[in-house]
Each structure stands twice: as C-alpha cells, then as structure tokens.
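Chemist: Line by line, the protein sequences are chains H and R. In this text, residue positions in the first sequence follow my numbering: the first is 132, and each later residue adds one. In this text, residue positions in the second sequence follow my numbering: the first is 132, and each later residue adds one. Don't be surprised by glycine CBs; every beta carbon is placed ideally from N, CA and C.
Number of protein chains: 2
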Amino acid sequence: MPRTLYLLPTPIGGPSPEAVLPAEVLSTTRSIEHFVVEELRTARRYLSAIGHPRPIAELQLAELNEHTPPTEVDGLLRPLLDGHNVGLMSEAGLPAVADPGALLVAAAHRHGIAVMPLVGPSSLMLTLMASGLNGQRFAFAGYLPAKPEERKRAIRQLEQRSRSEQQTQLFIEAPYRNAKLLDDIVRTCAPSTLLTLGCDLTLPNGFVHTLSIAQWSKLPELPNINKRNTVFGLLAV
Amino acid sequence: MPRTLYLLPTPIGGPSPEAVLPAEVLSTTRSIEHFVVEELRTARRYLSAIGHPRPIAELQLAELNEHTPPTEVDGLLRPLLDGHNVGLMSEAGLPAVADPGALLVAAAHRHGIAVMPLVGPSSLMLTLMASGLNGQRFAFAGYLPAKPEERKRAIRQLEQRSRSEQQTQLFIEAPYRNAKLLDDIVRTCAPSTLLTLGCDLTLPNGFVHTLSIAQWSKLPELPNINKRNTVFGLLAV
Numbered sequence: 132m133p134r135t136l137y138l139l140p141t142p143i144g145g146p147s148p149e150a151v152l153p154a155e156v157l158s159t160t161r162s163i164e165h166f167v168v169e170e171l172r173t174a175r176r177y178l179s180a181i182g183h184p185r186p187i188a189e190l191q192l193a194e195l196n197e198h199t200p201p202t203e204v205d206g207l208l209r210p211l212l213d214g215h216n217v218g219l220m221s222e223a224g225l226p227a228v229a230d231p232g233a234l235l236v237a238a239a240h241r242h243g244i245a246v247m248p249l250v251g252p253s254s255l256m257l258t259l260m261a262s263g264l265n266g267q268r269f270a271f272a273g274y275l276p277a278k279p280e281e282r283k284r285a286i287r288q289l290e291q292r293s294r295s296e297q298q299t300q301l302f303i304e305a306p307y308r309n310a311k312l313l314d315d316i317v318r319t320c321a322p323s324t325l326l327t328l329g330c331d332l333t334l335p336n337g338f339v340h341t342l343s344i345a346q347w348s349k350l351p352e353l354p355n356i357n358k359r360n361t362v363f364g365l366l367a368v
Numbered sequence: 132m133p134r135t136l137y138l139l140p141t142p143i144g145g146p147s148p149e150a151v152l153p154a155e156v157l158s159t160t161r162s163i164e165h166f167v168v169e170e171l172r173t174a175r176r177y178l179s180a181i182g183h184p185r186p187i188a189e190l191q192l193a194e195l196n197e198h199t200p201p202t203e204v205d206g207l208l209r210p211l212l213d214g215h216n217v218g219l220m221s222e223a224g225l226p227a228v229a230d231p232g233a234l235l236v237a238a239a240h241r242h243g244i245a246v247m248p249l250v251g252p253s254s255l256m257l258t259l260m261a262s263g264l265n266g267q268r269f270a271f272a273g274y275l276p277a278k279p280e281e282r283k284r285a286i287r288q289l290e291q292r293s294r295s296e297q298q299t300q301l302f303i304e305a306p307y308r309n310a311k312l313l314d315d316i317v318r319t320c321a322p323s324t325l326l327t328l329g330c331d332l333t334l335p336n337g338f339v340h341t342l343s344i345a346q347w348s349k350l351p352e353l354p355n356i357n358k359r360n361t362v363f364g365l366l367a368v
C-alpha cells in the first residue's frame, strides 16, 4: 500500500522552529521515520532539535543532493512502496523548490504516489510580500551568472523584461558574492528602477528595504549583505 | 516613534490556524491592536477565532481593497506614525502578494517604516514545491484573460515561454471558471507538456497532480476543480 511523500519545510538560518513552522508541521515531522534529505548531518541535528521521539540513529535517512545519480532517484521511493510515509527535507526552507528534491517529487507523480506539501518559510515569498513590488506578476530567475560581463547583461535583460511586462524579477546569488551583485545592480539599472533587498528574513537582524536605484546610490553606504541569505527584487517603473 | 508594519498571513479556506501558521505568528497577531484588512467581516471573524485577547469591537480595523482610492493609502499608515504596530491581512494566505496590500507596503517603504513579513500558507509555493516541475526558474502570471480566444492565445504564449526558457509557468483563474480553463489547457498544449494542478492544498481533500497533457487527456474524467482554490502549473518539456 503506497503512502504519502510529505514535503517538510525547515527553518532558514537558525530561528526557533516554532517561529517559522506551524505546530502541525512539527508534529507531522516527528511522526515520520523515513526521510530523504539534502544533507544527513543537518537533518539529524534538526530532527534532534525538534524532539523527534525515536532515537535519531534508528531513523532511516537517505541523501538526495547534487551528487546523487539521477538513476538512483526512483530507488528512494522504496519505503513508500513498502507502506511507509516519507518526509523530504532540504537544507533550509521549502524542499523541492531550488534543490534536487524536485526529482523525487517528479518520480512520485510518475508512480502515482500522493505528495503532500506543508507550510513553511520561503525567503522568496517573504521578500516578495514585503517588497511592495508587483505581486500579481513575478518571476524567479535563480542564480545570475558569475562572470562580470555576463552578469551585467543578465541584469539588463531582467530590467528590460520587468519593464516590458511589469513583472517583478526575483533572483539570488551565492551569499559571498551578494555585495558585488548589489554594486553591479546599482551601477547598471535606471535611476527610477525599484530594487528590493530581503535579507535574513525570519532572523532577528533581518530586514527588507525597497528603494529606487537613485536612492540606493545616494546612501552613504550600502547595507552589508555579504554572506547573508538575501533575495533581490527588481521592478522597472 | 514609528513602529513596524507586520504582514500577517491567514489560513486559506478554513483549515485550523495551528495547521498552517507558526505559533509565533498567531501570538504576534494576538498582540496587535491596529489592523489594515481586505475585508472587515472576515478579519473580525478570524481574530475572534484565534482568541485575540481584546474585545474585537475595540480593535482598530481599517479596510484596504480594490475599492480604496489610492490617495487614501498613505492615511492608513497613521497608527504607525503614532507609535502603534499595524498588522496587514488579506482575505486568505499571504498579504500583499495578489491584493492591494502591496500599496500599503510600498507606502511604508517610502516613509521609512519597518516592514516585517511573517510565515504562512502560499498556494503558489505549495503547488510549486509539490509539482516536481522546475523550481529554479518559474513565473507567476496571475489571472489569464477571460475571453476564449485571448485565453487560448495566453495559454500558447505561456507554453512557448516555458519551452524557450525552461521556466515553470504558474497561473490562476476565478474559481468558477477553473474547469473551463483546465479543458482549454488540455485541448491547447502539446502532448508532452507537463500540467500540474494544486487544488485546495492545506485542506483535507486537497491534492496535487502532475501529468503530461497526453496523460490528462486520457483520463476517464478530469478532476472536479470548479469553485475550488486551484493553482495551475505548466512546463513544456
């Protein structure tokens, strides 16, 4: 009898789980004994922190990350086919959005296995809702290219797309390159374009600011977002 | 002394608040006495249901919806400028994403008022994470046009954009037209295109299914999604 693949969100960057996860999500997580996780160590530490009632060493944890051969994904459904619920967790936030967990979800659909997504923190949606930008039309572009010239071209393309479709553009960067990307955006975009930074949202020192490029470029200094979880939002107006 | 504009998510379609909202979000909501809400009656009923400690009639509730003149939005910030925290709530789900609450958030940023988004249910993200489609690149297009020919053109454009950019396309429809839209998609798109339906997620009878158009069109009958909260997802492969 196949069971359910639960998509279990986790906190982003260390707030208390009760601050960012509904009580029922925590109790569902504690009721599951088979997990597919992005990284074993993080997952074990988290399951222990939320007080999973079983000894952590007795839980069945399998890894699914960028090193997993695609041919091995179907095998991760085995506990489901044997009648157990399985919980999918990423390193932080919502699983199966920007991580290889989506492969497992796709495999579950191919096998007719029920998939149940649970509520949790999404730095994208936290930034979007707090941006004041257009939430009726938006796009997420993932990571921008790392090379300087390609990156500037990508920023210009996002700004053009935003202008022609009145579509908010959301994107991210490897955290240690955040300050450089912010610099590039401020140098590249039109003065009237709105730029939102959503930084460490759900953490005590988190913030979200929306200013025009003209305003950002007049600040005595740009906020320090290096190595901090940051979502960028652009809207050309 | 200006205070904080809290963005307070609410349940979608009537699950218990504890199932979809973190305990800290509920306690923050109970600690606030000034609100800007999309509809007074829904908001009062919700604040009563979660056990707000003050008599509901003594809370300050102002409305912000599609009938609010834009010139009146700045005035809704008054309690913040007077030193009170304000909570913004939409009819259901995350405020300020697909409702006029974004105008208040934008006004707060213009006045330098801190904006704090809290975690709650997003039918978009629940559908996306449970779709198995591409979560690294996606776009939300809002409502499709209502007229049949314009709508088919919009569906074709979304499918083309999805193919050329490998971008998942998410969109919605007025719930009473959901069945008609599903029909149009199945008739219009290529057999290999993947279509996800995320229907009443967070409710007991909710489901998410991802199938190719060829598979959808072979079903003895399409699922009944009329008048049910549904998010559509397309990925051309």
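#1: Whole angstroms is fine: what's the gap from A233/H's alpha carbon to L195/H's?
#2: Pick out the complete alpha helix (DSSP H) segments inside the segment 289-354 of chain R, 4 residues or longer, and give them in chain order.
#3: Chain H beta carbons: is any one of them nearer than 7 Å to that of S323/R?
#4: Under 7 Å between the Cβ atoms of V156/R and A261/R?
#5: Just checking: is the beta-carbon of R268/R within a distance shorter than 7 Å of some beta-carbon in chain H?
#6: Given that M220/H touches chain C, what residues does it touch there, using C-beta distances under 7 Å?
#7: Does the structure place the segment 275-288 of chain R close enough to the segment 144-163 of chain H that three or more beta carbon pairs sit under 8 Å?
#8: Return no unless some Cβ of chain H is closer than 7 Å to the Cβ of L211/R.
#9: Do S221/R and D213/R count as a contact pair if the criterion is CB distance below 7 Å?
#10: Which residues mark the beginning and the end of the beta strand (DSSP E) in which P248/H is found?
#11: With which residues is G364/H paired in a DSSP beta bridge?
#12: Please work out which residues of its chain come closer than 8 Å, Cβ to Cβ, to E149/H, disregarding the five sequence neighbours upstream and downstream, and give them in chain order.
#13: Going by other Cβ atoms of all chains shown within 10 Å of its Cβ, with 16 needed for buried, is A223/H buried or exposed?
#14: For L353/H, decide whether its Cβ has a neighbour in chain R, counting only Cβ atoms nearer than 7 Å.
#15: At what residues does the beta strand (DSSP E) containing H165/R begin and finish?
#16: Give the DSSP-derived three-state secondary structure of P153/R in the structure shown.
#17: Among residues of its own chain, excluding the 5 on either side of I187/R, which ones have a beta-carbon nearer than 7 Å to its beta-carbon?
#18: Take every Cβ of the segment 288-297 of chain R, pair it with every Cβ of the segment 337-356 of chain R, and state whether three or more of those distances are shorter than 8 Å.
#19: Classify T202/R: buried if its beta carbon has 16 or more other beta carbons within 10 angstroms, exposed otherwise.
#20: Mind checking whether N360/H and G144/H have CB atoms under 7 Å apart?
#21: Return the chain-ordered list of same chain residues with a C-beta closer than 6 Å to the C-beta of H165/R, the five sequence neighbours on each side being excluded.
#22: Taking 7 Å as the threshold (C-beta atoms), are H240/R and T341/H in contact?
#23: What residues from chain R crowd round A261/H, counting only those whose CB sits closer than 7 Å?
#24: On the CB-based measure, 16 or more other CB atoms within 10 Å of its CB, does D331/R come out buried or exposed?
#25: List the residues of chain R that Q328/H touches, going by C-beta distances under 8 Å, in chain order.
#26: Mind checking if T299/R is an interface residue toward chain H, Cβ cutoff 7 Å exclusive?
#27: Hey, which unbroken runs of the alpha helix (DSSP H) at 4 residues or more fall wholly within the segment 193-250 of chain H?
#28: Between V368/R and G329/R, what straight-line distance do the alpha-carbon atoms span, to the nearest angstrom?
#29: Tell me where the alpha helix (DSSP H) around L258/H begins and ends.
#30: Given this structure, state the Cα-to-Cα distance separating W347/H from S253/H, to the nearest angstrom.
#31: When you compare only the Cα positions, how much space is there between C320/R and R185/H?
#32: Please work out which residues of its chain come closer than 7 Å, Cβ to Cβ, to E280/H, disregarding the five sequence neighbours upstream and downstream, and give them in chain order.
#33: Expressed to the nearest angstrom, what Euclidean distance is found between the alpha-carbon atoms of V250/H and S323/R?
Modeler: Let's see:
#1: In the first sequence, counting from the first residue as 1, residue 233/H sits at position 102. In the first sequence, counting from the first residue as 1, residue 195/H sits at position 64. Between A233/H and L195/H, the C-alpha separation is close to 10 Å.
#2: Qualifying alpha helix (DSSP H) stretches, in chain order: 309-319, 344-349.
#3: Residue mapping note: residue 323/R aligns to position 192 of the second sequence, counting from 1. Output row for S323/R: interface = no.
#4: Taking the first residue of the second sequence as position 1, residue 156/R is located at position 25. Taking the first residue of the second sequence as position 1, residue 261/R is located at position 130. No Cβ-Cβ contact shorter than 7 Å links V156/R with A261/R.
#5: Position 137 of the second sequence, counting from 1, holds the residue named residue 268/R. Closer than 7 Å to some Cβ of chain H, the Cβ of R268/R qualifies, so yes.
#6: Here the protein chains are H and R, and chain C is not one of them.
#7: With a cut-off of 8 Å on Cβ pairs, the segment 144-163 of chain H is not in contact with the segment 275-288 of chain R, counting fewer than three such pairs.
#8: The sequence position of residue 211/R within the second sequence is 80, counting from 1. Not one chain H Cβ lies under 7 Å of L211/R.
#9: One-based indexing of the second sequence puts residue 213/R at position 82. One-based indexing of the second sequence puts residue 221/R at position 90. Against a cut-off of 7 Å, the Cβ pair of S221/R and D213/R comes out as no contact.
#10: For the purposes of this step, residue 248/H is taken as the residue at position 117 of the first sequence. 245-248 is the extent of the beta strand (DSSP E) around P248/H.
#11: Reading the first sequence from its first residue, position 233 is the one you call residue 364/H. Paired residue(s): L301/H, T327/H.
#12: Here residue 149/H refers to the residue found at position 18 of the first sequence. Excluding positions up to five away in sequence, the list reads L157.
#13: One-based indexing of the first sequence puts residue 223/H at position 92. With 16 or more other Cβ atoms within 10 Å, it is buried.
#14: Taking the first residue of the first sequence as 1, we reach residue 353/H at position 222. Taking Cβ atoms only, chain R never reaches closer than 7 Å to L353/H, which makes this a no.
#15: Against the second sequence, residue 165/R aligns to sequence position 34. Counting along the chain, the beta strand (DSSP E) containing H165/R begins and ends at 165-168.
#16: Residue numbering aside, residue 153/R sits at position 22 when the second sequence is read from its first letter. P153/R carries a strand assignment under DSSP once its states are collapsed to helix, strand and coil.
#17: Within the second sequence, the letter at position 56 stands for residue 187/R. These residues qualify, in order along the chain: R175, L178, S179.
#18: Flag = no, the segment 288-297 of chain R and the segment 337-356 of chain R do not touch.
#19: The count along the second sequence starts at 1 and reaches residue 202/R at position 71. Taking every protein chain shown into account, the CB of T202/R has fewer than 16 other CB atoms within 10 angstroms, so this residue is exposed.
#20: To locate residue 360/H, count along the first sequence from 1; it is residue 229. To locate residue 144/H, count along the first sequence from 1; it is residue 13. For N360/H and G144/H, yes; Cβs fall inside 7 Å.
#21: Translated into the one-based positions of the second sequence, residue 165/R becomes position 34. Within the same chain, H165/R has close Cβ partners Q191, P210, H215, V217.
#22: The sequence position of residue 341/H within the first sequence is 210, counting from 1. The sequence position of residue 240/R within the second sequence is 109, counting from 1. Cβ atoms of T341/H and H240/R: closer than 7 Å.
#23: Taking the first residue of the first sequence as 1, we reach residue 261/H at position 130. Within chain R, the residues near A261/H are L138, V236, V246, P248.
#24: In the second sequence, counting from the first residue as 1, residue 331/R sits at position 200. Buried: at least 16 other Cβ atoms inside 10 Å.
#25: For the purposes of this step, residue 328/H is identified with residue 197 of the first sequence, where counting begins at 1. Sequence inspection shows Leu at residue 328/H; the Gln mentioned does not correspond to that position. Under a criterion of Cβ atoms nearer than 8 Å, no residue of chain R is adjacent to L328/H; the nearest Cβ is some 11 Å distant.
#26: Stepping through the second sequence from its first residue, residue 299/R is reached at position 168. For T299/R, the answer is no, since every Cβ of chain H falls outside 7 Å of its Cβ.
#27: As far as the segment 193-250 of chain H is concerned, its whole alpha helix (DSSP H) runs of at least 4 residues are 209-212, 232-241.
#28: Numbered from its first residue, the second sequence carries residue 368/R at position 237. Numbered from its first residue, the second sequence carries residue 329/R at position 198. Approximately 19 Å between the Cα atoms of the pair.
#29: Locating residue 258/H in the first sequence gives position 127, counting from the first residue. Checking the sequence, you will find Thr at residue 258/H rather than Leu. Taken as a continuous stretch (DSSP letters only), the alpha helix (DSSP H) holding T258/H covers 254-260.
#30: The sequence position of residue 347/H within the first sequence is 216, counting from 1. The sequence position of residue 253/H within the first sequence is 122, counting from 1. Going from the Cα of W347/H to the Cα of S253/H covers about 25 Å.
#31: Start at 1 with the first residue of the second sequence, and residue 320/R comes out as number 189. Start at 1 with the first residue of the first sequence, and residue 185/H comes out as number 54. For C320/R and R185/H, the distance between alpha carbons rounds to 48 Å.
#32: On the first sequence, position 149 is the one that residue 280/H refers to. Once the five neighbours on either side are set aside, E280/H has no close Cβ partner at all.
#33: Stepping through the first sequence from its first residue, residue 250/H is reached at position 119. Stepping through the second sequence from its first residue, residue 323/R is reached at position 192. Whole-angstrom Cα-Cα distance: 30 Å.
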